[in-house]
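Asker:
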Amino acid sequence: MAYIEQQPGKREWYLLLLLFLCGYLINLGVPELRTDEALLAGISSEMSVSDNPICTTVQGEQVDAFPLYPWIVSLCSGFRYPSELTTRLPGVLAVLGMACLCFLGAARVGGPVSGAVAASMVMTTVVCYREGVRAGSDTLLAFLMTAAWLAWYRLGRDEKHWVAAWFVSLLFVLAGVFAAGFRALAFFYLPLFFLRRPLRGRRRMLFPAHFGALALVFLVLLLWRTAAPGQALLPWNVLVLHSVSGATTGYLRHLVTFPFASAVYLLPWAFLLWPAFCMAHRPLEKNPVFCHYLRVIVFSLFLCGWALPGSSPRSLLPVLGPLSILTGLHYEILVRRHHAQLRRLFTTVLIATFAVSAAALTLGFLHVAGIVVLEGFGVRALLPNMMLLFLVLGVACWLHRRSSLRPFWLSFVAAVTLLRVGYLTTIVPFRAWYRNERKDKAELLGARVSPEAHIYKTANRFLVTESFYLRRPISVVTDPETQIPADTQRVYALGGAKPPILTTRSWTPCSDLVDVRRRRELRLEWFPGGPCLLRVDPTPPVDEADDSAAQIRMYRGELRFEGG
0 MAYIEQQPGK REWYLLLLLF LCGYLINLGV PELRTDEALL AGISSEMSVS
50 DNPICTTVQG EQVDAFPLYP WIVSLCSGFR YPSELTTRLP GVLAVLGMAC
100 LCFLGAARVG GPVSGAVAAS MVMTTVVCYR EGVRAGSDTL LAFLMTAAWL
150 AWYRLGRDEK HWVAAWFVSL LFVLAGVFAA GFRALAFFYL PLFFLRRPLR
200 GRRRMLFPAH FGALALVFLV LLLWRTAAPG QALLPWNVLV LHSVSGATTG
250 YLRHLVTFPF ASAVYLLPWA FLLWPAFCMA HRPLEKNPVF CHYLRVIVFS
300 LFLCGWALPG SSPRSLLPVL GPLSILTGLH YEILVRRHHA QLRRLFTTVL
350 IATFAVSAAA LTLGFLHVAG IVVLEGFGVR ALLPNMMLLF LVLGVACWLH
400 RRSSLRPFWL SFVAAVTLLR VGYLTTIVPF RAWYRNERKD KAELLGARVS
450 PEAHIYKTAN RFLVTESFYL RRPISVVTDP ETQIPADTQR VYALGGAKPP
500 ILTTRSWTPC SDLVDVRRRR ELRLEWFPGG PCLLRVDPTP PVDEADDSAA
550 QIRMYRGELR FEGG
């Protein structure tokens, strides 16, 4: 007897939301911000107090960045200084928004099961797990492009309101330009050139409504450029349009590896999406025109990204929305015909979950017993993660026994989420243990600086992360004589190995020298003594060379008395 998927009820929707929260919010604020994340957080903090929130500035200097993501960070932070959690939260919300859009797009054509599968694929693919917890515009652009594509089809093809279709879809594209530049326009327009009848995208672009909406978009962009001159709409890393000369070997490697890297990013759903592109399934499609529209988006953008040298599969994150809807629309046929094979995939994910959780718990017990010592990894940080791992093992056992009583898609999503939680409670704290060093350096630099002080940075202009963790207003100074206030009794300067040259002040070091280039390395010591078999110590590498250019220190400058 063929397997028939159960229709989801309220309980299934609540469980799906819970699984999403577990997969994205656990330990979200534990890793320190990377340089690009700290840059966005710094822009957001200055936007909150700036007279011109359109300009993107860091430490008083304008930078090439797009304003939409920092605006949302400011909202999530309550217009206060952002934290690790609020800096990354917009990416998580963008994934949730894209999942909701895919649910609506698939459920309207294929029913609740198709919508649930489409939303689940967005939530649990490797690329969303990777990019959704990082501060950046990729997931935000994917959400906006999915909204633009669905609005264009829904209002135009289904409701025959082409004026509204162009204006609403290009409104989302305009927001995408504020998030990622002209890449949003390229993503939206490229598939339209390849649409066949009855959609005929090229003919639709000749409608007056399209020209009117497009003119409005460029008018808004012109006003933006006028209010914020110098903003880059097309920075170097947005589109790769350089030639292949001098890099033939690398380009050939790119052509070979790009499809495989894309498949890895789509795991574990890469094993479930093939029916959407199988010719044998075309006659069974409930809405062939809609499926053709989505396939054109996927194929055109994938082939374009594949052909561009140096492009990464993660730059095609907007394609995930249409691909998820296609997967949802063809899911019921797949699970009815290949349920046994899908059960084996589900079992494989559960086995991986057991292996990861058991290995992590074993290491945790060895650390508590003093047999394997992770130097500096406190028990207080270890115990909550171990409790979560115990919970993961318990739920995995229950899921293995009771999965037949639930819809397969929900059991599969639960298994993937359990594996994800095992990763979040194992790898993420371990990396934070020995990589959260720039935050420690910033705390060392600012230990004797008053919380309300304004810091003037005179050296190492690119210390974005360290400057963020100082959590104080910072201004870059190139001329101390004119840029440091002459009437302030006490100022603080972040300088190099030597204090700033300013004869009107006496400078006193208020921190040790900090080498910003040295990074911790894991040093293994076998049989150090007693019951301990292995000691793992994250220590900076020994560097005998004195690199004074990489050393910084905080200084306190007091005004000199006349004649003193």
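If you're matching positions, the sequence shown starts at 0 in numbering that gives the first Met the number 0 and goes up one per residue.
Ideal Cβ positions, reconstructed from N, Cα and C, are used throughout, including at glycine.
Just so we're clear, the structure is a prediction, and the values are computed from it rather than from any experiment.
Report the residue from Thr346, Ala492 and Arg294 whose alpha carbon sits nearest the alpha carbon of proline 190.
Answerer: As a first step, residue 190 is located in the sequence shown; it is residue number 191 there, counting from the start. Sorting Thr346, Ala492 and Arg294 by C-alpha distance to the C-alpha of proline 190 places Arg294 at the top.
Asker: Can you tell me where the beta strand (DSSP E) holding proline 89 begins and where it ends?
Answerer: Sequence index remark: in the sequence shown, residue 89 carries index 90 (1-based). Run containing proline 89: none in the beta strand (DSSP E); it sits in the alpha helix (DSSP H), 83-109.
Asker: Just list the beta strand (DSSP E) runs in the stretch 482-538, keeping only unbroken ones of 3 residues or longer that don't cross its boundaries, in chain order.
Answerer: List check, beta strand (DSSP E) in window: 489-494, 504-508, 520-528 and 531-538.
Asker: What are the boundary residues of the alpha helix (DSSP H) that includes lysine 285?
Answerer: Against the sequence shown, residue 285 aligns to sequence position 286. Careful: lysine 285 lies outside any alpha helix (DSSP H) and carries neither H nor E.
Asker: Leucine 140 to tyrosine 128, Cα distance in whole Å?
Answerer: The count along the sequence shown starts at 1 and reaches residue 140 at position 141. The count along the sequence shown starts at 1 and reaches residue 128 at position 129. Rounded to whole angstroms, leucine 140 to tyrosine 128 spans 16 Å at the Cα level.
Asker: Would you kindly work out how many angstroms separate the C-alpha atoms of arginine 87 and glutamate 524, rounded to a whole number?
Answerer: For the purposes of this step, residue 87 is identified with residue 88 of the sequence shown, where counting begins at 1. For the purposes of this step, residue 524 is identified with residue 525 of the sequence shown, where counting begins at 1. If you draw a straight line from the Cα of arginine 87 to the Cα of glutamate 524, it comes to about 36 Å.
Asker: Whole-angstrom Cβ separation of arginine 419 and glycine 22, contact assumed at under 8 Å?
Answerer: As a first step, residue 419 must be located in the sequence shown, where it is residue number 420. As a first step, residue 22 must be located in the sequence shown, where it is residue number 23. Yes, arginine 419 and glycine 22 are in contact; Cβ-Cβ is about 5 Å, under 8 Å.
Asker: Enumerated in chain order, which unbroken segments of the alpha helix (DSSP H) with a length of 4 residues or greater are wholly contained in the stretch 48-82?
Answerer: 67-75
Asker: What number of angstroms, rounded off, separates the C-alpha of histidine 337 from the C-alpha of isoleucine 3?
Answerer: As a working note, residue 337 is residue 338 in the sequence shown. As a working note, residue 3 is residue 4 in the sequence shown. If I take the Cα positions, the gap works out to 11 Å.
Asker: Assuming glycine 90 contacts arginine 133 under a Cβ cut-off of 8 Å, what Cβ separation, rounded to an integer in Å, is found between them?
Answerer: Within the sequence shown, numbered from 1, the residue matching residue 90 stands at position 91. Within the sequence shown, numbered from 1, the residue matching residue 133 stands at position 134. That pair is a contact at about 6 Å.
Asker: Are at least three pairs of beta-carbons, each pair with one atom in the stretch 68-85 and one in the stretch 287-306, less than 8 Å apart?
Answerer: Flag = no, the stretch 68-85 and the stretch 287-306 do not touch.
Asker: With three or more C-beta pairs closer than 8 Å as the rule, is the stretch 371-387 touching the stretch 303-321?
Answerer: no
Asker: Confirm, please, whether the CB-CB distance from alanine 179 to valine 172 is below 8 Å.
Answerer: On the sequence shown, residue 172 is found 173 positions in, with the first residue counted as 1. On the sequence shown, residue 179 is found 180 positions in, with the first residue counted as 1. No; because the gap between Cβ atoms is not below 8 Å, this pair is not in contact.
Asker: Using the three-state DSSP reduction, which class does glutamate 557 fall into: helix, strand or coil?
Answerer: By 1-based counting over the sequence shown, the position of residue 557 is 558. Residue state, collapsed to three classes: strand.
Asker: Give me the Cβ distance between glycine 45 and valine 29, rounded to the nearest whole Å; I'm assuming they're in contact under 8 Å.
Answerer: Here residue 45 refers to the residue found at position 46 of the sequence shown. Here residue 29 refers to the residue found at position 30 of the sequence shown. Looking at the sequence provided, one finds glutamate at residue 45 rather than glycine. Incorrect: roughly 25 Å between the Cβ atoms, too far for contact.
Asker: Where does the unbroken beta strand (DSSP E) through leucine 373 begin, and where does it stop?
Answerer: For the purposes of this step, residue 373 is taken as residue 374 along the sequence shown, with counting starting at 1. Note, leucine 373: beta strand (DSSP E), 371-373.
Asker: By the DSSP assignment, the alpha helix (DSSP H) with tyrosine 13 in it spans what residues?
Answerer: On the sequence shown, residue 13 is found 14 positions in, with the first residue counted as 1. 9-24 is the span of the alpha helix (DSSP H), which, as asked, contains tyrosine 13.
Asker: Excluding sequence positions up to five away, which residues of its chain have a Cβ less than 7 Å from the Cβ of serine 314?
Answerer: In the sequence shown, the residue the question calls residue 314 occupies position 315. The residues are Gly304.
Asker: Does the separation of the CB atoms of methionine 122 and phenylalanine 270 fall below 8 Å?
Answerer: For the purposes of this step, residue 122 is identified with residue 123 of the sequence shown, where counting begins at 1. For the purposes of this step, residue 270 is identified with residue 271 of the sequence shown, where counting begins at 1. No, Cβ-Cβ distance for methionine 122 and phenylalanine 270 is not below 8 Å.
Asker: Under the three-state reduction of DSSP, which class applies to tyrosine 2: helix, strand or coil?
Answerer: The sequence position of residue 2 within the sequence shown is 3, counting from 1. Here tyrosine 2 sits in coil by DSSP.
Asker: Would you kindly work out how many angstroms separate the C-alpha atoms of leucine 272 and alanine 118, rounded to a whole number?
Answerer: Working through the sequence shown from its first residue, we reach residue 272 at position 273. Working through the sequence shown from its first residue, we reach residue 118 at position 119. Going from the Cα of leucine 272 to the Cα of alanine 118 covers about 14 Å.
Asker: Between the C-alpha atoms of tryptophan 12 and phenylalanine 411, what's the straight-line distance to the nearest angstrom?
Answerer: On the sequence shown, position 13 is the one that residue 12 refers to. On the sequence shown, position 412 is the one that residue 411 refers to. The alpha-carbon separation between tryptophan 12 and phenylalanine 411 amounts to approximately 14 Å.
Asker: Thinking just about the alpha-carbon of each residue, which of Pro537, Asp511, Cys531 and Asp514 is nearest to the one in arginine 522?
Answerer: Stepping through the sequence shown from its first residue, residue 522 is reached at position 523. Closest by C-alpha distance to arginine 522, out of Pro537, Asp511, Cys531 and Asp514, is Pro537.
Asker: Would you check if there are 3 or more beta carbon pairs closer than 8 Å linking the stretch 351-359 to the stretch 511-522?
Answerer: Two segments are said to touch when three or more pairs of C-beta atoms, one from each, lie closer than 8 Å; by this definition the stretch 351-359 does not touch the stretch 511-522.
Asker: Is tyrosine 2 near the ligand SAH - that is, is its Cβ less than 7 Å away from at least one heavy atom of it?
Answerer: The model on display carries no ligand, and the ligand SAH is accordingly not part of it.
Asker: Using the Cβ count rule (16 or more neighbours within 10 Å means buried), how would you classify proline 274?
Answerer: Taking the first residue of the sequence shown as 1, we reach residue 274 at position 275. Buried, because 16 or more other Cβ atoms sit within 10 Å of the Cβ of proline 274.
Asker: Cutting at 6 Å between CB atoms, please list the residues of its own chain near phenylalanine 142, excluding the five before and the five after it.
Answerer: On the sequence shown, position 143 is the one that residue 142 refers to. Answer for phenylalanine 142: Ala93, Gly96 and Met97, listed in chain order.
Asker: If you run the structure through DSSP and keep just helix, strand and coil, what is lysine 159?
Answerer: Within the sequence shown, numbered from 1, the residue matching residue 159 stands at position 160. Note: lysine 159 maps to coil in three-state DSSP.
Asker: What's the C-alpha gap between leucine 218 and alanine 208?
Answerer: The sequence position of residue 218 within the sequence shown is 219, counting from 1. The sequence position of residue 208 within the sequence shown is 209, counting from 1. Whole-angstrom Cα-Cα distance: 15 Å.
Asker: Of the residues Glu557, Leu39 and Cys101, which one's Cα is nearest the Cα of isoleucine 324?
Answerer: Position 325 of the sequence shown, counting from 1, holds the residue named residue 324. Selected option, being the one with the closest Cα: Cys101.
Asker: Could you give the uninterrupted runs of the beta strand (DSSP E) lying entirely in the stretch 432-468, keeping only those of 3 residues or more?
Answerer: 454-456
Asker: From which residue to which residue does the alpha helix (DSSP H) around serine 43 run?
Answerer: Here residue 43 corresponds to residue number 44 of the sequence shown, with the count starting at 1. Here the alpha helix (DSSP H) through serine 43 covers 34-46.
Asker: For glycine 131 and glycine 369, I'd like the C-alpha separation in whole angstroms.
Answerer: Taking the first residue of the sequence shown as 1, we reach residue 131 at position 132. Taking the first residue of the sequence shown as 1, we reach residue 369 at position 370. In a straight line, the C-alpha of glycine 131 is about 36 Å away from that of glycine 369.
Asker: Can you tell me where the alpha helix (DSSP H) with valine 318 in it begins and where it stops?
Answerer: The residue labelled residue 318 in the question sits at position 319 within the sequence shown. Unbroken run through valine 318: none, as it is neither H nor E.
Asker: What's the gap between the Cα of glutamine 6 and the Cα of leucine 328?
Answerer: In the sequence shown, residue 6 corresponds to position 7, counting from 1. In the sequence shown, residue 328 corresponds to position 329, counting from 1. Going by the C-alpha atoms only, they are around 14 Å apart.
Asker: Does the beta-carbon of isoleucine 71 have 16 or more other beta-carbons within 10 angstroms, so that it is buried, or is it exposed?
Answerer: As a working mapping, residue 71 is identified with position 72 in the sequence shown. Of the other Cβ atoms in all chains shown, 16 or more fall within 10 Å of the Cβ of isoleucine 71; this residue is therefore buried.
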